[in-house]
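Enquirer: Mapping of the sequence shown onto mature numbering (1 follows the signal peptide of the UniProt record, and there is no 0): residues -20 to -1, 1 to 81, in sequence order.
In this text, a Cβ means the ideal position worked out from N, Cα and C, and glycines have one as well.
Predicted model, so just to flag it, every value in this text is computed and none were measured.
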Amino acid sequence: MTRTAIVGAALVPLLGALLAGCGSSTIKPDATAQFLVDTISEQTSFTPKDVRCPDGIEAKTGVTFDCTFTGPENAPYVAHMKIVGVQGEIASYEWDMEPVT
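1) In angstroms, rounded to a whole number, what distance separates the CA positions of V80 and V31?
2) Taking 8 angstroms as the threshold (C-beta atoms), are F49 and K29 in contact?
3) Can you tell me the Cα-Cα spacing of G51 and A71, whole angstroms?
4) Please list, in chain order, all residues of the same chain as V66 whose beta carbon is under 8 angstroms from its beta carbon, the five residues on each side excluded.
5) Report the rounded CA-to-CA distance for T44 versus A59, giving the unit in angstroms.
6) Less than 6 angstroms between C-beta atoms, sequence neighbours within five positions excluded: which residues of the same chain meet that for P56?
7) Give me the DSSP bridge partner(s) of G65.
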């Protein structure tokens, strides 16, 4: 089985990544999905489609979550996301992706 992996760290502005609510901040799914589209498109030869990231993910260092998308040849992929830092209005990620088997 071949595993495709990209590891990256990216900074995403608060208006695109964090949303204050109930005394804590959460990652905004649409902005995180757009981060993946932009980053994967820049680093590979394909543009992911149908990117979906979960709601209600706390914007806190160490939190992990998965986003899904359609990759090359219409294959399903998963992006494993890890928040490595939140500073003011900026969230930093480490992540990798692989085909869903």
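Expert: Reading from the atomic positions:
1) 14 angstroms
2) yes
3) 25 angstroms
4) L(-3), S5, A39, K40, T41, S72
5) 11 angstroms
6) V80
7) S72
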